[in-house]
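Asker: Next up is a structure, given as structure tokens.
There are 2 protein chains.
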Amino acid sequence: MDIEGCLLPEFWIAVARDTGIKDLELTTRDVESYDELMRFRIETLRKHGIRMPDIQRILGGVEPLAGAVEFLRWLRERHPVILLSDSYYELLQPFLSALEHPTIFCHHLEVDGDGYVSDYLLRQTDAKRKSIRAMGDLQFGTIAIGDAFNDVPMLQEADHGILYRPSNKVLDAVTEFPVAWDYEQLQSHVTAAAEA
Amino acid sequence: MDIEGCLLPEFWIAVARDTGIKDLELTTRDVESYDELMRFRIETLRKHGIRMPDIQRILGGVEPLAGAVEFLRWLRERHPVILLSDSYYELLQPFLSALEHPTIFCHHLEVDGDGYVSDYLLRQTDAKRKSIRAMGDLQFGTIAIGDAFNDVPMLQEADHGILYRPSNKVLDAVTEFPVAWDYEQLQSHVTAAAEA
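Keeping their order, the protein sequence lines are chains A and B. Numbering-wise, the numbering used here comes out as the position in the first sequence, counting from 1, plus 835. Numbering-wise, the numbering used here comes out as the position in the second sequence, counting from 1, plus 835.
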């Protein structure tokens, strides 16, 4: 299951709102190259004197989406769960306790001696899809849940893909998966997929 | 990390003690073929009228090893953790809440309409080693922790293997890994491996 947009609000938007730095609201919808976007974010944080402890303090004040903790608990009582995110352990750290320490596969940010983010270190490219494939190779049936374009490859790779609250743009472009608009619907879709 | 012997007591021994059925104390040390052993256990349970709800009630009264919950919490605060067991989801179910719903890779027991265990369904052979290899393929560094002969392949496959409270027999035969005798030592070994 994806994290940002599915269990937690979008991190960069949260930091942008808290700091009032509009530039941090840019996403891959605005800047096509992820590398360019991340380098711009890193530069913007440094320009405004925002260090990792500041980011973690801001995110520490952000709540999981309403019902997310209960949904994740429900899921973990029934299935082995891995959260697959293209975000970073350092940004997720403030949420681990609220999410009750789930198993997360994501990436690392590099932080320099002054506390500034200095680089991003992708564990591998196409990480979500490869993780689903690895679970399939381990002879697990797989259910993937995501909301955004970067989730589509893992939804396609899984035995069952489910879209959770996709944007209109995603909804228009991706028509092959069932869609859930709240956690109750998501529970129904997961139950149906697990019994299929 | 392995479960039985590392975080929880041995399940079959617990059932044997509670029911007084000596035959359930047999292990792969006594019966070389795992298949033969499991078929014998299944037959023994049926002969004594022990059904899955009875087993789960017995195991529901068994505590995790002293300090295990705290150790697992410590580990999950620092690393993505997957518990790798050659046991069965149905036997682990009574412990999930006490262990705070970790992600577990193991196998399934088949239960018939009368509630008796009727078969065991291995998800795959050599499951622990293959799981470690899959994590390596996903570009994770890996630390494997186990206590028994069936853990040795995963300890060998991992970047770092650690033996936890092995029997003398294991200790004599397997000399290539650091050994921890309590959770404090295990923390030190994990920390050293993660920093290596």
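Backbone N, C-alpha and C fix where the C-beta goes; we use that ideal spot for every residue, glycine too. All values reported here derive from a predicted model rather than from experimental measurement.
Mind listing, in chain order, the continuous beta strand (DSSP E) runs of no fewer than 3 residues lying wholly within the region 883-939 of chain A?
Answerer: For the region 883-939 of chain A, whole beta strand (DSSP E) runs of length 3 or above, ordered along the chain, are 917-923.
Asker: Less than 8 Å between the C-beta atoms of D982(B) and R1000(B), yes or no?
Answerer: Taking 8 Å as the Cβ cut-off, D982(B) and R1000(B) qualify as a contacting pair.
Asker: So the beta strand (DSSP E) S953(B) belongs to, where does it begin and stop?
Answerer: Where S953(B) is concerned, the enclosing beta strand (DSSP E) stretches over 952-956.
Asker: Considering A979(B), what are the terminal residues of the alpha helix (DSSP H) in which it resides?
Answerer: No alpha helix (DSSP H) holds A979(B); the beta strand (DSSP E) holding it covers 978-981.
Asker: Taking the alpha carbon of H936(A) as the point to measure from, which residue in H914(A), L957(A), L927(A), G855(A) has its own alpha carbon closest?
Answerer: It is L927(A).
Asker: Would you list the one or two residues that DSSP bridges to E945(A)?
Answerer: Bridge partners of E945(A): D954(A).
Asker: Identify the contact partners of I917(B) in chain A, using a Cβ-Cβ distance below 9 Å as the criterion.
Answerer: Simply P915, I917, T938.
Asker: Check whether the Cβ atoms of H821(A) and D921(A) lie closer than 8 Å to each other.
Answerer: This structure cannot speak to residue 821(A), because chain A is shown only from 836 to 1031.
Asker: Answer yes or no: does any C-beta atom of chain A fall closer than 8 Å to that of Q959(B)?
Answerer: Chain A, which has a Cβ nearer than 8 Å to the Cβ of Q959(B), makes this yes.
Asker: Is G996(A) helix, strand or coil when you go by DSSP?
Answerer: Strand, per DSSP.
Asker: Mind checking if Q1022(B) is an interface residue toward chain A, Cβ cutoff 8 Å exclusive?
Answerer: Not one chain A Cβ lies under 8 Å of Q1022(B).
Asker: I'd like to know whether the C-beta atoms of D837(B) and L919(B) end up nearer to each other than 8 Å.
Answerer: Yes, the Cβ-Cβ distance between D837(B) and L919(B) is below 8 Å.
Asker: Looking only at its chain, what residues have a beta carbon closer than 6 Å to the beta carbon of E845(A), apart from the 5 residues adjacent to it on each side?
Answerer: Taken in chain order, the residues that qualify are E839.
Asker: For A969(A), would you say it is in contact with chain B, using Cβ-to-Cβ distances shorter than 8 Å as the test?
Answerer: By this cut-off, A969(A) is an interface position.
Asker: Using a C-beta to C-beta distance shorter than 7 Å, which residues of chain A count as neighbours of D911(B)?
Answerer: The sequence as given places Arg at residue 911(B); Asp does not occur at that position. In chain order: H936.
Asker: Could you check if P988(A) is buried or exposed, using at least 16 other CB atoms within 10 Å of its CB as the buried criterion?
Answerer: Per the 10 Å Cβ criterion, buried.
Asker: Relative to the C-alpha of R864(B), which residue among D949(B), H883(B), N1003(B) is closest?
Answerer: R864(B) has its Cα closest to that of N1003(B), out of D949(B), H883(B), N1003(B).
Asker: Alpha carbons only, please: which of E912(B), F930(B), A933(B), V952(B) is nearest the one belonging to I939(A)?
Answerer: Nearest of E912(B), F930(B), A933(B), V952(B) to I939(A), Cα basis: E912(B).
Asker: Below 7 Å on C-beta distance, what does Q974(B) contact in chain A?
Answerer: Simply R958, Q959.
Asker: List the residues of chain B that L931(A) touches, going by C-beta distances under 9 Å, in chain order.
Answerer: Result: R911, E912.
Asker: How would you write the range of the alpha helix (DSSP H) that L842(A) sits in, first residue to last?
Answerer: It is not in any alpha helix (DSSP H) - L842(A) carries neither H nor E in the DSSP assignment.
Asker: Below 8 Å on the Cβ atoms is my contact criterion, and I expect L998(A) with F1012(A) to pass it. Report the Cβ-Cβ distance as a whole number of Å.
Answerer: Contact flag correct, Cβ pair sits at about 5 Å.
Asker: Would you mind sorting W847(A) into buried or exposed? The rule is 16 or more other CB atoms within 10 Å of its CB.
Answerer: Counting Cβ neighbours within 10 Å, W847(A) comes out buried, since at least 16 surround it.
Asker: A1008(B) to A1015(B), Cα distance in whole Å?
Answerer: If I take the Cα positions, the gap works out to 16 Å.
Asker: Going by Cα to Cα distance, which pick from L1006(A), V1005(A), G996(A) is closest to A1027(A)?
Answerer: Taking only the C-alpha atoms, the option nearest A1027(A) is G996(A).
Asker: For the alpha helix (DSSP H) containing F1008(B), name the first residue and the last one.
Answerer: Looking at the sequence provided, one finds Ala at residue 1008(B) rather than Phe. Element bounds for A1008(B): 1003-1008.
Asker: Take F875(A) as the anchor and find which of D986(A), L861(A), R886(A) has the nearest alpha-carbon.
Answerer: The option with the nearest alpha carbon to F875(A) is L861(A).
Asker: Tell me the rounded alpha-carbon separation between V952(B) and L872(B).
Answerer: Spanning the two alpha carbons is a distance of roughly 14 Å.
Asker: What would DSSP say about V866(A), mapped onto helix, strand or coil?
Answerer: Looking at V866(A) - three-state DSSP - the assignment turns out to be coil, as it is neither helix nor strand.
Asker: Contact criterion: CB-CB distance below 8 Å. Does S1002(B) meet it with respect to chain A?
Answerer: No, because no Cβ of chain A sits closer than 8 Å to the Cβ of S1002(B).
Asker: Cβ atoms of I893(A) and A1046(A): under 8 Å apart, would you say?
Answerer: Residue 1046(A) lies beyond the stretch modelled for chain A, which goes from 836 to 1031, so this question has no answer here.
Asker: Keeping to the same chain, check which residues put their C-beta closer than 7 Å to that of Q974(A); ignore five residues upstream and five downstream.
Answerer: Closer than 7 Å at Cβ, skipping near neighbours: no residue.
Asker: So is L859(A) buried or exposed if we call it buried at 16+ other beta carbons inside 10 Å?
Answerer: L859(A) comes out buried.
Asker: To which residues does DSSP link V1014(B) through a beta bridge?
Answerer: Paired residues: L998(B).
Asker: Buried or exposed for A1031(A), please, with buried defined as at least 16 other CB atoms from any protein chain shown within 10 angstroms of its CB.
Answerer: Flag for A1031(A) reads exposed.
Asker: Does the CB of S922(B) have a neighbour CB from chain A at under 8 Å?
Answerer: No, S922(B) lies away from the interface with chain A (no Cβ there is under 8 Å from its Cβ).
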